[in-house]
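Reading through the structure tokens given below for one structure.
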Amino acid sequence: MINEQLKLIGINIKAERLKKNLSQEQLAEMTNISIPTISLIETGKQNTSILNILEIASALGVDVNTLVEGI
Numbered sequence: 000m001i002n003e004q005l006k007l008i009g010i011n012i013k014a015e016r017l018k019k020n021l022s023q024e025q026l027a028e029m030t031n032i033s034i035p036t037i038s039l040i041e042t043g044k045q046n047t048s049i050l051n052i053l054e055i056a057s058a059l060g061v062d063v064n065t066l067v068e069g070i
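Sequential numbering of the sequence shown, starting at 0, is according to numbering that gives the first Met the number 0.
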């Protein structure tokens, strides 16, 4: 169950990042989260803190609910 939720959050983050035409590198710079960590989050392979989710949402200009939609 948790793995599916992590994957869904990652899919949502990636979709929003691509809508903004941002690379993982750009998102990493905007959030001070490393590129490998961004990649792991987007693929659902790493759990992350709510603070990172909030930082990513802010950088993408979306509400955090957009990133957790469907879980």
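Cβ coordinates follow ideal geometry from the N, Cα and C atoms, glycine included.
**Prompt:** Which residues bound the alpha helix (DSSP H) around K6?
**Reply:** Residues 1-18.
**Message:** In whole angstroms, give me the CA-to-CA distance for K44 and E54.
**Reply:** So the alpha carbons of these two residues sit roughly 19 angstroms apart.
**Message:** Output needed for I40: all residues of its chain with C-beta closer than 6 angstroms, excluding positions within five of it in sequence on either side, in chain order.
**Reply:** For I40, where only same-chain residues beyond five positions count, the Cβ hits under 6 angstroms are G9, T47.
**Asked** Under the three-state reduction of DSSP, which class applies to Q25: helix, strand or coil?
**Response** The three-state secondary structure of Q25, taken from DSSP, is helix.
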